[in-house]
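Q: Protein chains in written order, with the working numbering: chain S, 4 to 482; chain F, 364 to 850. Idealized CB from N, CA, C, for every residue including glycine.
(1) Given this structure, state the Cα-to-Cα distance separating residue 618 of chain F from residue 582 of chain F, to the nearest angstrom.
(2) Please name the residue, chosen from S:32, S:417 and S:234, that lies closest to residue 282 of chain S on a Cα-to-Cα basis.
(3) Using only CA atoms, which one of F:788, F:673, F:640 and F:657 lies nearest to residue 577 of chain F?
(4) Is it buried or exposed, residue 529 of chain F, if we count other Cβ atoms within 10 angstroms and call 16 or more buried?
(5) If you measure from the beta carbon of residue 66 of chain S to each beta carbon in chain F, is any gap under 8 Å?
(6) Taking the C-alpha atoms as reference points, what is the distance between residue 94 of chain S and residue 164 of chain S?
(7) Taking the Cβ atom as the reference point for each residue, do residue 483 of chain S and residue 185 of chain S lie within a distance shorter than 8 Å?
(8) Residue 695 of chain F CB to nearest chain S CB: under 8 Å?
(9) Whole angstroms is fine: what's the gap from residue 259 of chain S's alpha carbon to residue 310 of chain S's?
(10) Short of 8 Å Cβ to Cβ, which residues in the segment 631-657 of chain F face chain S?
(11) State yes or no: is the C-beta of residue 345 of chain S within less than 8 Å of the C-beta of residue 430 of chain S?
(12) Looking at residue 375 of chain S and residue 412 of chain S, is the spacing between their C-beta atoms short of 8 Å?
(13) Quick check on residue 832 of chain F: buried or exposed, where buried means 16 or more other Cβ atoms within 10 Å of its Cβ?
(14) Under the three-state reduction of DSSP, which class applies to residue 4 of chain S: helix, strand or coil?
(15) Under 8 Å by Cβ, that's how I've got residue 415 of chain F and residue 445 of chain F pegged, so tell me the actual separation to the nearest angstrom.
(16) Which bits of chain F does residue 119 of chain S rub up against, with CB to CB less than 9 Å?
(17) Going by DSSP, name the residue or residues bridged to residue 58 of chain S.
(18) Could you tell me whether any Cβ in chain F is nearer than 8 Å to the Cβ of residue 16 of chain S?
(19) Rank S:298, S:433 and S:340 by C-alpha distance to the C-alpha of residue 359 of chain S and give the top, closest one.
(20) Take residue 123 of chain S and list the residues in its own chain whose beta-carbon comes closer than 6 Å to its own, dropping the five residues that flank it on each side.
(21) Quick check on DSSP: helix, strand or coil for residue 65 of chain S?
(22) Rounding to the nearest angstrom, what Cα-Cα distance links residue 440 of chain F and residue 570 of chain F in this structure?
(23) Just to confirm, are residue 388 of chain F and residue 474 of chain F a CB contact at a threshold of 8 Å?
(24) Which residue's Cα is closest to the Cα of residue 735 of chain F: F:486, F:673, F:790 and F:402?
(25) Given this structure, state the Cα-to-Cα distance separating residue 842 of chain F from residue 621 of chain F, to the nearest angstrom.
(26) Residue 701 of chain F: which of F:624, F:434 and F:610 sits nearest, CA to CA?
(27) Taking 7 Å as the limit between beta carbons, can you name the residues of its chain near residue 369 of chain S, skipping five residues before and five after?
(28) Given this structure, state the Cα-to-Cα distance separating residue 14 of chain S from residue 826 of chain F, to the nearest angstrom.
(29) Would you kindly check if the distance between the Cβ of residue 149 of chain S and the Cβ of residue 795 of chain F is under 8 Å?
(30) Taking the continuous alpha helix (DSSP H) assigned at residue 432 of chain F, which residues delimit it?
(31) Are three or more beta carbon pairs between the segment 440-448 of chain S and the segment 316-323 of chain S nearer than 8 Å?
(32) Of all the residues that make up the segment 765-785 of chain F, which are near chain S by a beta-carbon distance shorter than 9 Å?
(33) Just to confirm my understanding: we take residue 755 of chain F, look at its own chain, exclude 5 residues before and 5 after, and list those with CB closer than 6 Å. What are they?
(34) Around the Cβ of residue 722 of chain F, are there at least 16 other Cβ atoms within 10 angstroms (buried) or fewer (exposed)?
(35) Output needed for residue 470 of chain F: all residues of its chain with C-beta closer than 7 Å, excluding positions within five of it in sequence on either side, in chain order.
(36) Can you list, in chain order, the residues of the segment 120-152 of chain S whose Cβ is nearer than 8 Å to any Cβ on chain F?
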């Protein structure tokens, strides 16, 4: 099952690359594959038992002398992150079909390859396999941004690659040190490590990917210069690979004392990222940059939740990851649709788009309001859990976290007003129509999922970790 | 009746097959009409390499234990056999790449020399005596000197040949000098006998060891003995460069491993450090110099210097895991080298001028298969997943870390990070130029169809990716080969 989830998009990518299809056929085929992947995930959902640990496991030896194996499986939280991946990727591929990308075969093959690699990251239970998928994500992103990106894409890809690869190579060194010391690279069989340098290697790699302050230098260029659907995947899904890595490796595979030593530092960086990102988002001049910086802020919040190191905070982090993934994917796709119309998503050129465009106004307002964590929304539930988790660590952290909700309201409301309400800019002409049915077909499922999770956040937050584990941990903390 | 020594013809058979092929190619092309020369010579050489590869794999299969051959001048073991298989594979692919080269004359000589060079390398990797070592080295080197200079109408080819001849002979001379010193110190020529001769702190012998490492460093193009590499790789016919970059490196590094481990176990504390330093210098020089190259062949030449550094790390750790790492690494590296130079050759034949990064512009879209293959080879050189290059680097670093050489791991990681820049530059040049930047180069007609070259590239891709997926069998062969050394 798990292997099928990884291999389906990879096989589809090969088919798209190999067969001499027309652009349209390649797009249709890849959309079909992405939807099949969603169906496959739903099938897996019904077979999944959220009260058990690792399941749907596949394991084959890869090379035995260093104890490396192909070992994949799902935990509750990785299952939700995979769900996020397949949904957002399907929407992104749908967008690419709609936007009619040039060189469709190469493009769609890369998108599918990326999808397979991300699913691999969330399921790998062997460190080396994890690294393989982690790096394999980079290759299609590099080409997707480098070939189909905006005018300053060369710079964007260069910065992105240098940052991520520097992080990844540190992680490779750490993986080798970890695996050779433990005698196995398997995440299940290995014990925990107490080596500070190894920990830092992993930490930096994930901090770059997230990104966490001060490793965010690549963020804006990459999110602004990529095609919007790639930006949606980058900020919505790929950044969650960092969340997964922090939780599954940096927290779970190192001694508690070691992690506690770094807790304050990481929380401080996360808090800085949260406030700094929010402020930058408030200053930004177009939809994409706001979304990019808000992404950075949200990642700070999520990392705060993770490093509260308690059930509430971690549950909140997972819920917030799923929520933020859907929100930022929606916003990037919307930004792309605005750019398709007026050639720009700069606030000065837009404005007043609410009049006569009810669908656009509704979608943007709903997403924006959920994003600013209005009570009753999924983002509110996530932030509440995170704040509740972080409060016992220190009330100061909770204050910073709560302040960020205010900041989020500031930049989100500014974004909504600038697009929908302010004075009309040169790009907001009558020619830019309301959202078409095809566009709605992409956005409505995403927004629908957000509303569904707003109504029932416990669907994710109570099903990320087996309740037994949660009870054990709560008991351990009680005295 | 003259008493002849017992000869293990089977152990010699790969070398003899290649020598036979060389003879057929050379003599045949004198006897047959002109139009048949190229097919005959190429076919004989290709057949020779394939036969040698098959025979070497039989030798590998039936040499569970190392046995001396010809009065201990050679060893029949799995290490030599595995190296011979890799060399033969590289040679066979090089023949496929060579076929489309528009060469008016010297057809027979070209293929005959290619087979002779291959024979020399196959002989060289089994050497276990300072005389056979030198003999093998000169054997394949002389063939390569001529091959480099074969395109007499191109000045760069002549320059390459001359440079390689002078610098290569200098290296051989140093190796010979070192051998003489070691012989003087120990009174022995055989590797095992040298090890048993004792006299650990003998300065004569240490000087000899240093000179031998230097001499082999020239052949492996490890820095600081790499000065000839960029010029020769750039000037030599591209198919020859492809063969040299893959096969010479295999031969030189395997023999370096063999002589150091077998003949100098008592000086281990010295040569491991020396090799580690050479490795780090190679990584630094190769990667930094590659950053500023515009000519793709020069760029790949410096990249080969840096890969020599990676592989020397595996030798420096001096463990069985290190030897395994080296032998594994050689496979995707050799495939990637041949493939990458083959793609360069294809572009060169299309344009008729040396290939620079600018002239690769748009290549990836024009020739999707070759472009994608070049991508894969670059990924392999970078050591990114889905290629054997990744597993190779992983093994090398693991071996280094396991023996406590953590600073070599750091050096390797930093070098890899730097190398990304120029490898991605190649990819960028092929795919990511705006139409304004793309100035189509007039080549005259549609590109020549070259099925053999494409199939060589395809085979290289299969090896590069296949060695990533099927690590287990490869690593088992590498382990079998490594166990024939006395660690």
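A: In short:
(1) Their backbone Cα atoms lie some 11 Å apart in a straight line.
(2) Measuring from the Cα of residue 282 of chain S, the nearest candidate turns out to be S:417.
(3) Answer by Cα proximity: F:640.
(4) So residue 529 of chain F counts as exposed.
(5) For residue 66 of chain S, a Cβ of chain F is located within less than 8 Å of the residue's own Cβ.
(6) Their backbone Cα atoms lie some 25 Å apart in a straight line.
(7) The question about residue 483 of chain S has no answer, for chain S in this structure spans 4 to 482.
(8) No, residue 695 of chain F lies away from the interface with chain S (no Cβ there is under 8 Å from its Cβ).
(9) About 11 Å.
(10) For the segment 631-657 of chain F, the set of residues with a beta-carbon nearer than 8 Å to any beta-carbon of chain S is empty.
(11) Yes, they are a contact pair.
(12) Result yes, Cβ atoms of residue 412 of chain S and residue 375 of chain S sit closer than 8 Å.
(13) Answer is exposed; the Cβ neighbour count stays below 16.
(14) DSSP places residue 4 of chain S in coil when its eight states are reduced to three.
(15) The Cβ separation is near 13 Å, so there is no contact.
(16) Listed by position along chain F, the residues whose Cβ is nearer than 9 Å to that of residue 119 of chain S form an empty set, because the closest Cβ is around 11 Å away.
(17) In DSSP, residue 58 of chain S forms a bridge with S:77.
(18) For residue 16 of chain S, the answer is no, since every Cβ of chain F falls outside 8 Å of its Cβ.
(19) The shortest CA-to-CA distance from residue 359 of chain S to any of S:298, S:433 and S:340 is the one to S:433.
(20) 9 and 136, listed in sequence order.
(21) Residue state, collapsed to three classes: strand.
(22) Looking at the two C-alpha atoms, the distance is approximately 29 Å.
(23) In this structure, residue 474 of chain F lies closer than 8 Å to residue 388 of chain F by Cβ.
(24) It is F:790.
(25) Taking the Cα positions, residue 842 of chain F is about 14 Å away from residue 621 of chain F.
(26) Between residue 701 of chain F and the set F:624, F:434 and F:610, the nearest pair of CA atoms involves F:610.
(27) Hits under 7 Å: 450.
(28) Cα to Cα, the separation comes out at about 20 Å.
(29) Going by C-beta atoms, residue 795 of chain F is nearer than 8 Å to residue 149 of chain S.
(30) Note, residue 432 of chain F: premise wrong, no alpha helix (DSSP H); beta strand (DSSP E) at 430-432.
(31) With contact defined as three or more Cβ pairs closer than 8 Å, the segment 440-448 of chain S and the segment 316-323 of chain S are not in contact.
(32) Across the segment 765-785 of chain F, CB contacts with chain S closer than 9 Å involve 765, 769, 772, 773, 775, 776, 777, 779, 780, 783 and 784, in sequence order along the chain.
(33) Setting aside the 5 residues that flank it on each side, residue 755 of chain F is surrounded in the same chain by 691, 692 and 695, each with a C-beta closer than 6 Å to its C-beta; the list follows chain order.
(34) When all chains shown are included, residue 722 of chain F counts as buried.
(35) These residues qualify, in order along the chain: 392, 400, 401 and 404.
(36) Answer set for the segment 120-152 of chain S: 131, 134, 135, 136, 138, 139, 141, 142, 145, 146, 149 and 150.
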